[in-house]
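There are 2 protein chains.
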Amino acid sequence: MIQELKDNYGHLFENDLLNEINQVGTFKEVPEGFKMISIGDYVKAMPLLISGAIKILREDNDGDELLLYFLEKGDTCAMTLTCCLGQTKSEIKAIAETDAKLIMIPIQKMEEWSAKYKSWRNFVFESYHNRLNEMLETIDSIAFLKMDERLLKYLNEKARVSEDGTIRNTHQEIAYELHTSRVVISRLLKKLENLGEIKLHRNYITLLK
Amino acid sequence: MIQELKDNYGHLFENDLLNEINQVGTFKEVPEGFKMISIGDYVKAMPLLISGAIKILREDNDGDELLLYFLEKGDTCAMTLTCCLGQTKSEIKAIAETDAKLIMIPIQKMEEWSAKYKSWRNFVFESYHNRLNEMLETIDSIAFLKMDERLLKYLNEKARVSEDGTIRNTHQEIAYELHTSRVVISRLLKKLENLGEIKLHRNYITLLK
DNA sequence: AAAATAATGTAACCCTTGTTACACAAATTA
DNA sequence: TAATTTGTGTAACAAGGGTTACATTATTTT
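Residue numbers (the UniProt record's numbering), protein chains in the order written: chain A, 1 to 209; chain X, 1 to 209.
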């Protein structure tokens, strides 16, 4: 494990901290689609992402959902951070977008390291900063963009975090994550295809530009 | 100043920290409507809110805006926190919703206090947590609610932070903050009035329920 | 191979929201 | 007080996106 830890976090943390992480952290692999956190869960460990991508979703009372953002390697979950510290329930849902590798840190260490390591504090603060900015991006999309623009942006993000640049989702799945209906997505996808932006296939989509 | 500091932050911070804040912080009063931060600004001090309310807005490239949330007494601005630490530009706009009193902390102290005071770290973490949750609330509203529901929620928040419980805004101003048009707001306000939820006047609105 | 299931394409329709236009009333200024 | 500006009410229409319904094609199961 130490090697993957060094590769991804070596430039962020001093050696003492890396060694501590190596000692108390547990390595974990999750398959694509694995549900890592549900709304209402109490979180008892903090993940450091080594590889893969995790999608973070919001859900309303009717079960309608909305994609907020993706976590990628080098990221951690700011929501988890606060949940751990405050002992509050999770407000979001986390699902592995691809197969992913992570190091899980027991929450007791967080307070200790925050006092001890400047690099840890900076990491936590920067993590919050990134997450807040991603939330702003999400707000920009739903507040200021029309559905076709949102869709194109969504497809680009999906392609970025996927292994091979293709989007392996059905129209229905896309509709759920954008909180709209399958018919609307099919309609707009066809429009984007006619514009030469994408190529549609059964179960997957490729970007052309 | 020490009294107002104690009243609002005494239960959060230990005495040593309160004394330090008292020494290095500068007291500031701003009138309603005062523009405290614009998008792109570099922020050089962190505010601790003593009284009044600050509204935090997002703006897109066309100058369209959207109300994100209000800061009230006991709050600080998480965005500012990260801007200070990371030396990055502000992503949001902050305007005094009411007359407000604040204590401004020079940013150099933040790193120092984060190492020194557990209560400061907790305050900062909790502040991030609150802001993330408020962003989620905002996302819920724009993603899952219809405009009439958003409007009613907006009116309730406005009334909460105002001195006397009335909403002193024109329909045009409300339209800007919800990122819609004046005609839509007038239409929905009239509907809410007919439902007995509110009473309309020129330049202000009162809630009935 | 036949039947069932899953994914997509598309038409027709409706509702919410956005737009344009204009009337009228209240407040401010000349 | 007359003229102008500001705020509100409302009608008529347009556009985006949500809904229902059904056809077609690909894939999986029997």
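In this text, a Cβ means the ideal position worked out from N, Cα and C, and glycines have one as well. Note that the structure is a prediction, hence the values are computed from the model and not measured.
Proximity to residue 166 of chain A across A:110, A:199, A:60, A:122 peaks at A:199, based on C-alpha coordinates.
A Cβ of chain A is located within less than 9 Å of the beta carbon of residue 131 of chain X. Here residue 110 of chain X is near residue 46 of chain X, since their CB atoms are less than 9 Å apart. Look at residue 100 of chain X here: in three-state DSSP terms it is strand.
Of all alpha-carbon atoms in X:38, X:53, X:23, X:39, the one lying nearest the alpha-carbon of residue 31 of chain X is that of X:53. Scanning chain X for C-beta atoms nearer than 9 Å to the C-beta of residue 64 of chain A yields 143, 144, reported in chain order. Three or more pairs of CB atoms, one per stretch, sit closer than 8 Å, so the segment 153 to 168 of chain A contacts the segment 88 to 102 of chain A.
Going by C-alpha positions, residue 190 of chain A is about 11 Å away from residue 171 of chain A. Rounded to the nearest angstrom, the gap between the Cα atoms of residue 151 of chain X and residue 180 of chain X is 11 Å. Taken residue by residue, none of the segment 29 to 55 of chain X has a beta-carbon sitting less than 8 Å from a beta-carbon on chain A. Residue 43 of chain X sits close to residue 80 of chain X, with the two beta carbons spaced by under 9 Å. According to the DSSP assignment, residue 200 of chain X belongs to the beta strand (DSSP E) that extends over 198 to 201. The C-alpha of residue 27 of chain X lies about 14 Å from the C-alpha of residue 18 of chain X.
Cα atoms of residue 112 of chain A and residue 127 of chain A: separation of roughly 18 Å, rounded to the nearest angstrom. In the assembly as shown, residue 25 of chain X is a buried residue. Its beta-carbon has 16 or more other beta-carbons within 10 Å. Taking 9 Å as the cut-off, the Cβ atoms of residue 169 of chain A and residue 203 of chain A count as close. Note: residue 189 of chain X is not bridge-paired with any residue in the DSSP secondary-structure output. Of the candidates A:184, A:39, A:156, A:182, the residue whose Cα lies closest to the Cα of residue 207 of chain A is A:156. With contacts defined by Cβ atoms closer than 9 Å, residue 178 of chain X and residue 147 of chain X form a contacting pair. With its beta carbon at least 9 Å from every one in chain A, residue 100 of chain X lies outside the interface. Membership of residue 34 of chain A in any alpha helix (DSSP H) is not indicated, and neither H nor E is assigned to it by DSSP. Listed in chain order, the non-local C-beta contacts of residue 117 of chain A below 8 Å within the same chain comprise 13, 14, 16, 17, local neighbours out to five positions each way being set aside. Interface residue (Cβ-Cβ distance to chain A less than 9 Å): residue 184 of chain X is not classified as such. According to DSSP, residue pairing for residue 51 of chain X in a beta bridge involves X:101. In the DSSP assignment, residue 88 of chain A falls outside any beta strand (DSSP E) and carries neither an H nor an E.
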